[in-house]
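All remarks here apply to the structure that follows.
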Amino acid sequence: MAEHILTGSFFVFLLMLILSMFLGRSFCGYLCPAGGLQECVAGVNGKPAKQGKRRAIKYVIWTVWIAVIVISFISGEGTLHVDVFYMTDHGVSVTEIANYLVYYAVILLLIRPPLIYGRRAACHYICWMVPFMVIGEKIGQMLHIPQLHVSADNRKCISCKKCETVCPMGLRVEQMIRENNHCQCSDCIQCGACVDSCPKNVLSYSWKAERRV
Numbered sequence: 005m006a007e008h009i010l011t012g013s014f015f016v017f018l019l020m021l022i023l024s025m026f027l028g029r030s031f032c033g034y035l036c037p038a039g040g041l042q043e044c045v046a047g048v049n050g051k052p053a054k055q056g057k058r059r060a061i062k063y064v065i066w067t068v069w070i071a072v073i074v075i076s077f078i079s080g081e082g083t084l085h086v087d088v089f090y091m092t093d094h095g096v097s098v099t100e101i102a103n104y105l106v107y108y109a110v111i112l113l114l115i116r117p118p119l120i121y122g123r124r125a126a127c128h129y130i131c132w133m134v135p136f137m138v139i140g141e142k143i144g145q146m147l148h149i150p151q152l153h154v155s156a157d158n159r160k161c162i163s164c165k166k167c168e169t170v171c172p173m174g175l176r177v178e179q180m181i182r183e184n185n186h187c188q189c190s191d192c193i194q195c196g197a198c199v200d201s202c203p204k205n206v207l208s209y210s211w212k213a214e215r216r217v
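Just so you know, we're using this note's numbering here: the sequence shown kicks off at 5 and counts up by one.
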């Protein structure tokens, strides 16, 4: 940003913000390669990651990152222009040994938390993309935009908690069903695992504006 160049990553994160206004964190549930990578190591440590103060780390990382970008942009020079493939060789960023070292360092960064703390721990604790989607989701709620989420008919719930057992994010799905008649929160990735596992068809996808927790 110091050179006032809008790269491909800028548009990816912008699109992520906009789509989350309608789809919540569906990207995490269906498209995120980091999420898939963590699911691959869930067989080593499949326990739910604790929902504690570590969750704030990702927001600290995001805030510092955005602040650096803004400061770099303000202090930079040149005319604002677009270069989607900036600093890539033929559209591919990993072309040299040094790039591979960075690539594998990022992979190690992503798989270490779930190996130590539990399933999808990197999503909970350090993912710097999550705040974009959380902000987008909150904006959508403020604007009363219909959003994809999991609704529930809590009259059918038998409290078997199979939904909680299969939830990759370790959420208290049964409790949310009982209290709010839906299981949506900022950590829900819309993966549908709870919907598929429910023996009484309590859960289903919905597309409407609804107050969330």
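All C-beta atoms in this analysis are idealised placements derived from N, C-alpha and C, irrespective of residue type, glycine included.
Closest in alpha carbon position to V68, among P135, G174 and K160, is P135. If you ignore the 5 residues before and after W66, its C-beta comes within less than 6 Å of the C-beta of W132 and P135, all in its own chain and listed in chain order. When DSSP states are grouped into helix, strand and coil, P135 belongs to the helix group.
Two segments are said to touch when three or more pairs of C-beta atoms, one from each, lie closer than 8 Å; by this definition the region 105–124 does not touch the region 150–161. Taking every protein chain shown into account, the CB of C171 has 16 or more other CB atoms within 10 angstroms, so this residue is buried. For Y90, no alpha helix (DSSP H) segment is defined, and its DSSP state is neither H nor E.
Residue state for V74 is assigned as helix, using DSSP reduced to three classes. In this structure, S30 lies near L152, with their beta-carbon atoms less than 9 Å apart. Between the region 67–81 and the region 142–149 there are fewer than three inter-stretch CB-CB distances shorter than 8 Å, so the stretches are not counted as touching.
Y209 and T83 have their C-alpha atoms spaced approximately 45 Å apart. Secondary structure at H128: helix, using DSSP grouped into helix, strand and coil.
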